[in-house]
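Which chain is which? The protein sequence lines are A, B, C and D, in order. For the record, in the first sequence the residue sitting at position 10 is 70 according to the working numbering, with numbers rising by one throughout. For the record, in the second sequence the residue sitting at position 157 is 217 according to the working numbering, with numbers rising by one throughout. For the record, in the third sequence the residue sitting at position 328 is 388 according to the working numbering, with numbers rising by one throughout. For the record, in the fourth sequence the residue sitting at position 104 is 164 according to the working numbering, with numbers rising by one throughout. Read through the structure below, which is laid out as structure tokens, and then see the notes.
Protein chains: 4
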Amino acid sequence: MKRLRIGIVGGTGYTGVELLRLLARHPHAELVAITSRKEAGMPVADLFPSLRGQIDLAFSTPDDAPLHTCDLVFFATPHGVAMAQARRLVDAGVRLIDLAADFRLQNLAEFTQWYGMEHACPELLQESVYGLPELRREAIAKARIVANPGCYPTTVQLGFAPLLRTPGLIEADHLVANCVSGVSGAGRKAEIGLLFSEASDNYKAYGVKGHRHGPEINEQLRRIAGVAPGGGAVDCLFVPHLAPMIRGMHSTLYARLTPTGQTADLQSLYAEFYAREAFVDVLPAGSVPETRSVRGANTLRLAIHRPRADTAMILVVQDNLTKGASGQAVQNMNVMFGLPETTGLDSLAVLP
Amino acid sequence: MKRLRIGIVGGTGYTGVELLRLLARHPHAELVAITSRKEAGMPVADLFPSLRGQIDLAFSTPDDAPLHTCDLVFFATPHGVAMAQARRLVDAGVRLIDLAADFRLQNLAEFTQWYGMEHACPELLQESVYGLPELRREAIAKARIVANPGCYPTTVQLGFAPLLRTPGLIEADHLVANCVSGVSGAGRKAEIGLLFSEASDNYKAYGVKGHRHGPEINEQLRRIAGVAPGGGAVDCLFVPHLAPMIRGMHSTLYARLTPTGQTADLQSLYAEFYAREAFVDVLPAGSVPETRSVRGANTLRLAIHRPRADTAMILVVQDNLTKGASGQAVQNMNVMFGLPETTGLDSLAVLP
Amino acid sequence: MKRLRIGIVGGTGYTGVELLRLLARHPHAELVAITSRKEAGMPVADLFPSLRGQIDLAFSTPDDAPLHTCDLVFFATPHGVAMAQARRLVDAGVRLIDLAADFRLQNLAEFTQWYGMEHACPELLQESVYGLPELRREAIAKARIVANPGCYPTTVQLGFAPLLRTPGLIEADHLVANCVSGVSGAGRKAEIGLLFSEASDNYKAYGVKGHRHGPEINEQLRRIAGVAPGGGAVDCLFVPHLAPMIRGMHSTLYARLTPTGQTADLQSLYAEFYAREAFVDVLPAGSVPETRSVRGANTLRLAIHRPRADTAMILVVQDNLTKGASGQAVQNMNVMFGLPETTGLDSLAVLP
Amino acid sequence: MKRLRIGIVGGTGYTGVELLRLLARHPHAELVAITSRKEAGMPVADLFPSLRGQIDLAFSTPDDAPLHTCDLVFFATPHGVAMAQARRLVDAGVRLIDLAADFRLQNLAEFTQWYGMEHACPELLQESVYGLPELRREAIAKARIVANPGCYPTTVQLGFAPLLRTPGLIEADHLVANCVSGVSGAGRKAEIGLLFSEASDNYKAYGVKGHRHGPEINEQLRRIAGVAPGGGAVDCLFVPHLAPMIRGMHSTLYARLTPTGQTADLQSLYAEFYAREAFVDVLPAGSVPETRSVRGANTLRLAIHRPRADTAMILVVQDNLTKGASGQAVQNMNVMFGLPETTGLDSLAVLP
């Protein structure tokens with residue numbers, strides 16, 4: 061098969077280097093351009109020494125990059141960049157995967173509230189598809205623009221989906237998602253709070269007054285449950301925490317079971333729901349997943365528990381940069397171009 | 061004042077070395093014996109290089125140690141040791157603080173269920189006092205035997221106490237305590253799962269089929285709420301997790317507020333409840349506590365939030381070895397012997 | 061091409077799981093047996109959750125395993141196991157790669173001194189080949205038994221080789237190798253000193269009275285320099301240290317330059333020496349390598365410096381489990397069976 | 061005794077918060093002002109949550125601070141600040157301890173070369189005293205201005221001093237100091253390279269083209285050896301490395317022994333040299349010091365080894381922020397004001 065011509069806009073952050081790591085070994089991808097105004101001219105391998113000898117490309121300015129001739133362009137940029145360039149690229153026949161948030165929220169008011177800007181192309185937003193392949197595979201295959209999900213929302217959605225898709229099992233208006241991320245989730249930004257000497261040997265909650273992934277989680281959980289937008293019957297309290305690890309995300313999800321839910325075989329429900337998924341691993345009953353078991357892999361592992369008669373608890377882990385970001389983006393690419401979904405994503409977790 | 065004659069039984073673990081660190085600088089404590097069958101004859105400072113030049117004592121066998129002449133003996137031993145020796149020591153006029161679990165559960169059936177042994181001295185158990193000074197100060201002052209609380213239970217009790225003491229604020233039968241500990245909480249045991257190469261850069265839940273601190277938490281929360289033992293009106297789901305840090309414990313507590321609770325001024329409730337406490341720091345509204353802010357200090361910090369109209373969330377941090385174990389034991393000692401409660405406990409957290 | 065039938069003896073340690081990670085994706089390897097007396101019957105993926113869904117094999121007892129039908133057997137065992145089984149396997153036509161030390165030292169007296177046992181098969185030792193492909197490629201290709209080098213010795217040999225191969229550049233009798241390893245180098249052993257709470261946020265030297273890799277380093281450096289065994293003209297002081305990271309090895313090598321050496325173009329010397337090597341990356345002048353740049357990859361990176369007119373300093377990094385152990389073992393396998401040397405070893409370092 | 065009136069200029073960095081931690085418990089120190097233009101008005105405890113409830117002071121602008129009425133002012137500022145303000149303070153009768161480098165190098169040309177600025181007050185530099193109490197106690201006691209030593213230079217000087225003070229033991233012109241620091245040594249600066257996701261699980265050399273502590277080390281080693289300034293007979297190659305820990309510094313020092321040195325009893329030499337020092341702990345023969353054994357304490361531990369007949373190796377550890385910076389500053393303060401040298405510095409290392 062002809063190799064896909066791939067462009068990356070941005071790419072100086074952690075989702076960027078992870079995307080490069082994966083694409084460098086993807087048998088059907090040919091990276092033709094990677095742009096960064098700030099680092100234009102610098103070989104990618106000078107910024108990320110892990111890429112020495114593997115990727116010859118240098119960063120170029122957006123103007124010099126042949127993005128319009130690409131089959132697919134990934135945006136690994138700050139919020140707001142993808143929506144500003146989407147129209148021109150789409151009109152040129154280029155498909156897009158945005159790893160930022162520009163196409164994650166269909167609710168325009170919420171987008172403006174949480175991201176502090178008007179949406180630049182509401183009509184493209186409307187046709188864009190939320191790129192969680194396990195739940196939206198067919199739409200993704202046909203999409204011109206795919207919104208790569210946030211890292212936390214991926215764990216929360218895949219964790220709750222089996223319970224929400226079957227009506228009447230849980231009290232969906234009082235879900236709790238107690239989530240933990242490694243520090244790379246905050247990006248490659250020179251901020252005091254992300255320093256080794258601040259974040260190491262430490263644990264804290266953050267974003268307690270509200271986090272951008274909250275509205276994304278709830279918009280999507282409502283869709284999964286089949287509730288009309290704005291419907292209040294699904295509500296998840298999302299509380300993120302920061303743990304001293306580089307990669308890794310762990311979500312502990314709580315839902316009160318209805319009397320019907322209390323009689324359901326939850327282990328079978330989950331096992332069957334994900335039976336045909338390559339990247340979702342439902343652990344045997346009684347197990348606990350560990351983040352290190354997915355370090356560098358595109359796998360999400362989960363375990364379903366019932367610690368109290370009327371309570372379901374789901375433990376979910378993923379690598380926030382792989383299944384939580386760039387691995388999922390490559391998975392979306394595979395779906396969009398009709399490749400086997402695991403292409404280029406089959407390397408095993410690095411453990412220990 | 062005459063220095064108290066202090067003995068330590070056990071002391072080769074992390075609560076032991078923390079106790080030694082604190083007692084070495086306590087102006088009214090004179091350490092006269094520390095016992096360990098296994099390490100008998102070895103200078104304490106050979107086992108813990110941080111004590112070189114500070115503590116001259118060597119470990120002795122329990123038989124050689126002048127424990128019966130002590131004013132106070134700490135048990136920093138595995139479960140089951142303190143209750144076997146308590147009777148003889150108490151009869152000799154020695155007071156006891158047990159850092160293990162022998163005197164934590166008043167319910168004998170639960171003790172046997174969770175610790176796999178019959179209780180050796182139920183009558184002493186009955187007179188013993190649960191040593192959480194902020195809630196039981198007067199009883200501790202007079203006690204012959206003090207049960208030093210578990211690390212997790214300390215955070216959960218001090219976190220929920222203001223809400224539970226005022227009747228009718230929360231749905232007390234559906235509390236959730238999502239808790240995280242640093243690895244030192246598991247003790248100084250040569251186990252694969254606690255190796256650096258296993259526990260580092262990793263996060264996981266554990267004890268999901270039930271953890272010994274669960275019944276302790278619920279027995280004490282019922283007491284705080286004034287519910288009769290066995291009463292089911294208080295029930296807390298406790299889920300512990302392991303994070304890659306040496307010291308530090310973080311509990312995220314969730315409670316649904318009743319209509320009454322939703323109108324209460326929770327910030328004031330907490331601020332007033334702990335206004336006179338030296339070791340409980342209620343943060344200003346909107347804050348998040350960090351575990352590193354209490355590293356090596358006997359302080360517990362907490363913040364009360366209302367992330368959803370009908371939900372209270374309390375964030376609690378402590379050093380699991382200090383306020384969560386040995387610091388609290390010294391605090392109990394101070395209370396028992398009429399010393400100012402902060403004596404020997406005033407050093408600041410080590411940050412960064 | 062027909063897939064090679066591969067057996068692994070041992071494999072419950074970190075070099076074992078790393079070998080499994082690599083072989084699971086090797087296009088020409090078919091893993092037919094993995095043995096462990098202790099874990100016989102347990103699926104490999106139950107011990108190492110990162111392998112779930114990737115490796116179906118269970119551990120078997122050595123007696124039940126079809127090792128004699130293999131093309132190649134890896135020994136990822138404690139010292140002494142491989143040499144006890146080598147004769148039978150070799151006679152059955154099976155080739156061997158020992159990841160332990162049984163075939164690393166040609167000097168029998170030193171083997172006994174450092175490993176506390178007589179060598180079980182000196183005649184096989186004599187024909188065995190020390191498996192550092194960059195220096196012994198042709199001999200490895202024909203060997204029946206390959207001694208996979210120690211992790212530290214790999215960095216020291218590849219670091220000093222260009223200087224030693226050209227006679228007269230350095231004072232070879234006073235080399236210094238100040239080396240640092242991540243904790244996984246000590247293996248998956250339940251020892252107090254390897255606990256997270258002991259090894260984290262800590263740094264120390266170890267093995268200062270002598271380390272087994274010392275004689276290995278010196279025996280090989282003499283060979284590289286062309287000095288007769290026992291010749292004293294090459295002597296390297298090797299000092300290992302332990303740093304709080306899972307994977308990663310860093311060696312800082314010092315050599316005094318002779319007047320001739322001071323006039324040499326060391327950067328070119330190194331660049332040319334390794335110009336055709338896929339797994340040795342000589343950094344540009346003035347660079348420093350970081351261990352994370354090779355995390356999980358089979359690459360060794362080095363930089364040559366001259367910090368004082370008469371002193372050469374070489375900075376070398378590798379992943380101790382990959383190029384320092386199991387990656388190098390697979391590289392040796394590729395050489396032994398005439399495969400391209402990079403087969404199955406082309407995945408990029410995981411960074412961050 | 062009357063409490064000393066203390067001012068701190070700067071103090072928003074890690075040496076600042078460490079100084080505050082120590083001074084808050086110093087029985088003879090009264091902190092009257094702490095300045096920061098950037099943070100003026102902010103309570104110190106808002107910046108460093110570990111100080112909540114312990115230090116009431118807020119940062120003030122330099123102009124508002126009553127520095128001229130202080131007995132002593134610490135400068136915990138970037139290089140260049142102390143020398144600009146020293147004249148006015150000294151003339152007002154205030155004594156100074158500079159934790160930066162303004163008074164560390166007596167050689168003006170080297171100061172300009174390494175710090176990129178002319179010295180502002182060469183005459184004050186000349187009278188200032190290099191504040192390593194173990195070697196310069198009497199001069200410090202009388203000094204108006206004390207240059208607090210760099211962290212690395214403290215370990216290198218105290219490590220080599222016994223060997224250098226006795227003439228003829230070592231080849232002093234070829235010393236090697238292979239040194240390692242925790243990340244806090246780089247300060248509280250928002251730089252990419254210091255992020256948790258960059259510095260964690262990583263190890264690298266840095267400053268290989270020259271580091272500011274190099275000239276400081278050599279100027280002081282020459283003084284210790286009694287060599288005239290500019291004399292070349294003492295030369296130490298200093299190579300710093302970065303390890304993933306918050307606090308902690310480890311130096312591995314190498315010196316070739318002369319024939320005389322080879323017959324000396326090095327263990328006794330070191331033990332006697334430091335016999336009366338409260339903060340230098342010479343370990344028993346054969347020991348290795350660990351950085352964690354001094355975490356948060358003002359102790360420097362070292363061990364002297366002879367790994368090769370003609371080579372001495374000294375292993376030295378300290379907490380880079382305590383004995384390596386702020387603890388040593390308080391030790392200097394004690395010396396300057398005739399207090400027992402251990403005042404306020406007697407808390408034990410936090411281990412684990």
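Beta carbons are placed, not taken as given, at the ideal position from N, Cα and C, and that holds for glycine.
Look at the alpha carbon of A/Q166 and the alpha carbon of B/H365, and state the distance between them as a whole number of angstroms.
If you number the first sequence from 1, residue 166 of chain A lands on position 106. If you number the second sequence from 1, residue 365 of chain B lands on position 305. Roughly 29 angstroms separates the two Cα atoms.
For a contact defined as C-beta to C-beta under 7 angstroms, what are the partners of B/R352 on chain A?
Taking the first residue of the second sequence as 1, we reach residue 352 of chain B at position 292. Simply D261 and N262.
For D/D123 and D/G219, what's the separation of their Cα atoms in angstroms?
Translated into positions along the fourth sequence, residue 123 of chain D becomes position 63. Translated into positions along the fourth sequence, residue 219 of chain D becomes position 159. Rounded to whole angstroms, the separation of the alpha carbons of D/G219 and D/D123 is 41 angstroms.
Limits of the unbroken alpha helix (DSSP H) element including C/T72:
Within the third sequence, the letter at position 12 stands for residue 72 of chain C. Per DSSP, C/T72 lies in no alpha helix (DSSP H) and is assigned neither H nor E.
Quick one: any contact between the region 166-183 of chain B and the region 336-351 of chain B, if contact means 3 or more CB pairs under 8 angstroms?
Not touching, per the Cβ criterion.
Going by the CB atoms, is the gap between A/L192 and A/F163 shorter than 7 angstroms?
Here residue 163 of chain A refers to the residue found at position 103 of the first sequence. Here residue 192 of chain A refers to the residue found at position 132 of the first sequence. No, Cβ-Cβ distance for A/F163 and A/L192 is not below 7 angstroms.
D/L224: first and last residue of the uninterrupted alpha helix (DSSP H) it sits in:
In the fourth sequence, counting from the first residue as 1, residue 224 of chain D sits at position 164. That run of the alpha helix (DSSP H) goes C211 to R225.
Candidates B/P275, B/T72 and B/A237: closest to B/A265 by CA position:
Taking the first residue of the second sequence as position 1, residue 265 of chain B is located at position 205. Selected option, being the one with the closest Cα: B/A237.
Beta-carbon of C/E251 versus every beta-carbon of chain B: anything under 7 angstroms?
As a first step, residue 251 of chain C must be located in the third sequence, where it is residue number 191. At least one CB of chain B lies nearer than 7 angstroms to the CB of C/E251.
Would you call the CB atoms of B/H311 and B/V216 closer than 7 angstroms?
For the purposes of this step, residue 311 of chain B is identified with residue 251 of the second sequence, where counting begins at 1. For the purposes of this step, residue 216 of chain B is identified with residue 156 of the second sequence, where counting begins at 1. The amino acid at residue 311 of chain B is misidentified as His; the sequence shows Ser. A distance below 7 angstroms separates the beta carbons of B/S311 and B/V216.
Are any of the Cβ atoms in chain A nearer than 7 angstroms to that of C/Q114?
Taking the third sequence and counting its residues from 1, one reaches residue 114 of chain C at position 54. Cβ-Cβ to chain A under 7 angstroms: yes for C/Q114.
So which residues on chain A does C/Y74 lean against when the C-beta distance must stay under 8 angstroms?
Along the third sequence, one-based indexing puts residue 74 of chain C at 14. Here the neighbours are P412.
The region 86-120 of chain B: positions lying closer than 8 angstroms to chain E by Cβ
This model lacks chain E altogether, as its protein chains are A, B, C and D.
Per DSSP, cross-strand counterpart(s) of B/L311
Taking the second sequence and counting its residues from 1, the one referred to as residue 311 of chain B is at position 251. Per the sequence shown, the amino acid found at residue 311 of chain B is Ser instead of Leu. B/S311 is bridged to B/C239 and B/V376.
Just the Cα atoms here: how many angstroms apart are B/A100 and B/D106?
Locating residue 100 of chain B in the second sequence gives position 40, where the first residue counts as 1. Locating residue 106 of chain B in the second sequence gives position 46, where the first residue counts as 1. Cα-Cα distance, rounded: 12 angstroms.
Taking the alpha-carbon of C/E337 as reference, which of C/R361, C/P319 and C/L111 has the nearest alpha-carbon?
As a first step, residue 337 of chain C must be located in the third sequence, where it is residue number 277. Answer by Cα proximity: C/R361.
Tell me the DSSP secondary structure of C/S120 in three-state form.
Here residue 120 of chain C corresponds to residue number 60 of the third sequence, with the count starting at 1. Assignment of C/S120 by DSSP, reduced to helix, strand and coil, places it in the strand class.
Could you tell me whether the Cβ of A/S257 comes closer than 7 angstroms to any Cβ of chain B?
As a working mapping, residue 257 of chain A is identified with position 197 in the first sequence. Yes, its Cβ sits closer than 7 angstroms to a Cβ of chain B.
Should B/L168 be flagged as near chain A, meaning a C-beta pair shorter than 7 angstroms?
Here the question's residue 168 of chain B lines up with position 108 in the second sequence. Closer than 7 angstroms: no.
Any C-beta of chain B within less than 9 angstroms: which residues of the region 296-308 of chain D qualify?
Hits within the stretch, in order: I306 and R307.
Cβ shell of A/T320 (< 8 angstroms), same chain only, five flanking positions each side left out
Within the first sequence, numbered from 1, the residue matching residue 320 of chain A stands at position 260. Residues G228 and L229 of the same chain have their beta carbon placed closer than 8 angstroms to that of A/T320, with the five preceding and five following residues left out of the count.
Output the residue ranges of the beta strand (DSSP E) runs that lie fully inside the region 134-170 of chain D and measure 3 residues or longer, sorted by chain position.
For the region 134-170 of chain D, whole beta strand (DSSP E) runs of length 3 or above, ordered along the chain, are 155-158.
Considering only the beta carbon of each residue, do A/C130 and A/V154 sit closer than 7 angstroms?
Your numbering for residue 130 of chain A matches position 70 in the first sequence. Your numbering for residue 154 of chain A matches position 94 in the first sequence. Cβ atoms of A/C130 and A/V154: closer than 7 angstroms.
Could you pull the start and end residues of the beta strand (DSSP E) that A/A89 belongs to?
Counting from 1 along the first sequence, the entry for residue 89 of chain A is found at position 29. Start and end: A89 to T95.
Where D/F333 falls: helix, strand or coil (DSSP)
To locate residue 333 of chain D, count along the fourth sequence from 1; it is residue 273. Reduced to three states, the DSSP call for D/F333 is helix.
Out of B/E279, B/Y263 and B/L224, which one is the CA nearest neighbour of B/F333?
Along the second sequence, read from residue 1 onward, the residue named residue 333 of chain B stands at position 273. Considering only alpha carbons, the answer is B/L224.
Starting from the beta carbon of C/S244, find every residue of chain B whose beta carbon is closer than 7 angstroms, and list them in chain order.
Taking the third sequence and counting its residues from 1, one reaches residue 244 of chain C at position 184. Those within 7 angstroms of C/S244 in chain B are S257.
Count the other CB atoms, across all protein chains shown, that sit within 10 Å of the CB of B/D325; report buried if there are 16 or more and exposed otherwise.
Within the second sequence, numbered from 1, the residue matching residue 325 of chain B stands at position 265. B/D325 sits exposed, since fewer than 16 C-beta atoms from the chains shown fall within 10 Å of its C-beta.
Do B/G308 and B/T351 have their C-beta atoms within less than 7 angstroms of each other?
Translated into positions along the second sequence, residue 308 of chain B becomes position 248. Translated into positions along the second sequence, residue 351 of chain B becomes position 291. A distance below 7 angstroms separates the beta carbons of B/G308 and B/T351.
So, for B/R63: in the same chain, excluding its five sequence neighbours on each side, which residues have a beta-carbon less than 7 angstroms away from its beta-carbon?
Translated into positions along the second sequence, residue 63 of chain B becomes position 3. Only residues of its own chain outside the window of five on either side were considered, and among them H88, A89 and E90 have a CB closer than 7 angstroms to the CB of B/R63, listed in chain order.
Thinking just about the alpha-carbon of each residue, which of C/R355, C/G398 and C/N394 is nearest to the one in A/P109?
The residue labelled residue 109 of chain A in the question sits at position 49 within the first sequence. Closest option to A/P109, Cα to Cα, is C/R355.
Chain-ordered chain D contacts of C/P367 [CB-CB under 9 angstroms]
On the third sequence, residue 367 of chain C is found 307 positions in, with the first residue counted as 1. Chain D residues near C/P367: V268, K269, G270, L297, F298 and V299.
Strictly by DSSP, which residues pair up with B/F298?
As a working mapping, residue 298 of chain B is identified with position 238 in the second sequence. DSSP output for B/F298 lists B/A237 as bridge partner(s).
Could you give the first and the last residue of the continuous alpha helix (DSSP H) run that contains C/I230?
To locate residue 230 of chain C, count along the third sequence from 1; it is residue 170. Counted as a single uninterrupted DSSP element, the stretch harbouring C/I230 is not any alpha helix (DSSP H), since DSSP gives it neither H nor E.
Starting from D/D341, trace the beta strand (DSSP E) both ways and give me its first and last residue.
By one-based count along the fourth sequence, residue 341 of chain D stands at place 281. From DSSP, the beta strand (DSSP E) with D/D341 extends over V340 to V342.
Between B/R204, B/A125 and B/F135, which lies nearest to B/L79 when the distance is taken from Cα to Cα?
Counting from one through the second sequence, the residue named residue 79 of chain B turns up at place 19. Taking the Cα of B/L79 as reference, the smallest distance to any Cα among B/R204, B/A125 and B/F135 is reached at B/F135.
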